[in-house]
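Reviewing the structure listed below.
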Amino acid sequence: DQQVKQNSPSLSVQEGRISILNCDYTNSMFDYFLWYKKYPAEGPTFLISISSIKDKNEDGRFTVFLNKSAKHLSLHIVPSQPGDSAVYFCAAHSYNQGGKLIFGQGTELSVKP
Amino acid sequence: DAGVIQSPRHEVTEMGQEVTLRCKPISGHNSLFWYRQTMMRGLELLIYFNNNVPIDDSGMPEDRFSAKMPNASFSTLKIQPSEPRDSAVYFCASSLQGYEQYFGPGTRLTVT
Numbered sequence: 545d546q547q548v549k550q551n552s553p554s555l556s557v558q559e560g561r562i563s564i565l566n567c568d569y570t571n572s573m574f575d576y577f578l579w580y581k582k583y584p585a586e587g588p589t590f591l592i593s594i595s596s597i598k599d600k601n602e603d604g605r606f607t608v609f610l611n612k613s614a615k616h617l618s619l620h621i622v623p624s625q626p627g628d629s630a631v632y633f634c635a636a637h638s639y640n641q642g643g644k645l646i647f648g649q650g651t652e653l654s655v656k657p
Numbered sequence: 014d015a016g017v018i019q020s021p022r023h024e025v026t027e028m029g030q031e032v033t034l035r036c037k038p039i040s041g042h043n044s045l046f047w048y049r050q051t052m053m054r055g056l057e058l059l060i061y062f063n064n065n066v067p068i069d070d071s072g073m074p075e076d077r078f079s080a081k082m083p084n085a086s087f088s089t090l091k092i093q094p095s096e097p098r099d100s101a102v103y104f105c106a107s108s109l110q111g112y113e114q115y116f117g118p119g120t121r122l123t124v125t
């Protein structure tokens with residue numbers, strides 16, 4: 545039972561263009577969503593988050609959009625840079641599941657020069 | 014701060030051997046999480062502790078896996094006996110009563 549899904553295992557984008565990473569969830573009790581970025585041989589690092597009471601949060605080149613009715617969130621990276629090449633994980637937080645994070649499978653982003 | 018520290022970074026062992034992974038959380042953090050990352054299942058939560066007490070171990074795959082947190086600055090994940098299907102990267106993460114978790118660099122386990 546996957547509560548958080550990232551249906552695209554990989555994405556390739558040209559440098560300077562927009563990268564859009566998508567995430568779907570099934571549990572309407574999730575109250576907070578996070579995006580993590582992971583480079584090879586390193587642990588995931590926190591990137592950006594959004595509360596379920598908001599629909600957008602922006603931090604520099606990174607913007608996360610939340611559509612609660614569709615149970616969908618997306619991460620936009622504009623403009624994309626080669627250093628953004630990494631695996632991106634979507635995660636959801638729910639107090640009714642003990643406050644743990646539920647992670648998606650990850651999407652590997654490749655930004656080509 | 015040094016961040017979350019995990020040891021060893023790499024472990025190669027033979028099937029049937031005992032494996033112990035170690036984690037030192039960020040000082041002051043009160044929650045600790047153990048994850049396993051595989052190609053098939055992605056990043057899955059194995060167990061987590063709050064104030065050194067195990068809260069949810071529903072992700073522990075079977076009785077061969079056990080985890081302890083004897084104090085606020087140390088935790089272990091033990092696999093006994095190990096099997097080839099346990100080969101994965103194991104991450105430890107810690108947090109301070111918040112949503113954000115801080116991950117260690119991981120331990121790459123290979124069981125032959």
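Chains as they are written, first to last, in my numbering: chain A, 545 to 657; chain B, 14 to 125.
Here a beta-carbon is modelled for each residue, glycine too, at the ideal position from N, C-alpha and C.
Classification of residue i by the beta-carbon crowding that lies within 10 angstroms, buried from 16 upward
i       : result
M52(B)  : exposed
P588(A) : buried
Y576(A) : buried
H42(B)  : buried
G595(A) : The displayed chain sequence assigns Ser, not Gly, to residue 595(A). It counts as exposed.
P38(B)  : buried
E602(A) : exposed
L109(B) : exposed
D99(B)  : buried
E75(B)  : exposed
Short CB-CB distance (under 8 angstroms) between residue i and chain A
i       : result
P62(B)  : Reading the sequence as shown, one finds Phe at residue 62(B) and not Pro. Chain A, which has no Cβ nearer than 8 angstroms to the Cβ of F62(B), makes this no.
D70(B)  : no
L56(B)  : yes
F116(B) : yes
Neighbourhood of residue i by C-beta distance below 7 angstroms, restricted to the same chain and skipping five residues each side
i       : result
K598(A) : L610
T26(B)  : V32, S95 and V124
S79(B)  : K91
S629(A) : L653, S654 and V655
L122(B) : E24, V32, D99, S100, A101 and Y103
Cβ of residue i within 8 angstroms of any chain B Cβ
i       : result
G648(A) : yes
Y576(A) : yes
K600(A) : no
S593(A) : yes
F606(A) : no
K581(A) : no
L645(A) : yes
F590(A) : yes
8 angstroms Cβ shell around residue i - same chain, five flanking residues per side excluded
i       : result
I562(A) : H620, I621, V622, P623 and S624
G643(A) : H637
Interface partners of residue i on chain E, CB under 7 angstroms
i       : result
G119(B) : Protein chains A and B are contained in the structure displayed, whereas chain E is not.
Own chain, CB closer than 6 angstroms to residue i, minus 5 neighbours either side, in chain order
i       : result
F574(A) : A636 and S638
- request: Select from the segment 85 to 114 of chain B all residues with a C-beta closer than 8 angstroms to any C-beta belonging to chain A, and list them in chain order.
  value: Of all residues in the segment 85 to 114 of chain B, the ones placed with a Cβ closer than 8 angstroms to any Cβ belonging to chain A are F104, A106, Y112, E113 and Q114, in chain order.
field: Within 9 angstroms of chain B by C-beta, residues of the segment 623 to 642 of chain A in sequence order
entry: For the segment 623 to 642 of chain A, which is checked against every Cβ of chain B, the residues closer than 9 angstroms are F633, A635, H637, Q641 and G642.
- prompt: If you scan the segment 587 to 649 of chain A from start to end, which runs of the beta strand (DSSP E) of 3 or more residues do you find wholly inside it?
  reply: With a minimum length of 3 residues, the unbroken runs of beta strand (DSSP E) contained wholly in the segment 587 to 649 of chain A fall at 589 to 595, 600 to 603, 606 to 611, 616 to 621, 630 to 637 and 645 to 647.
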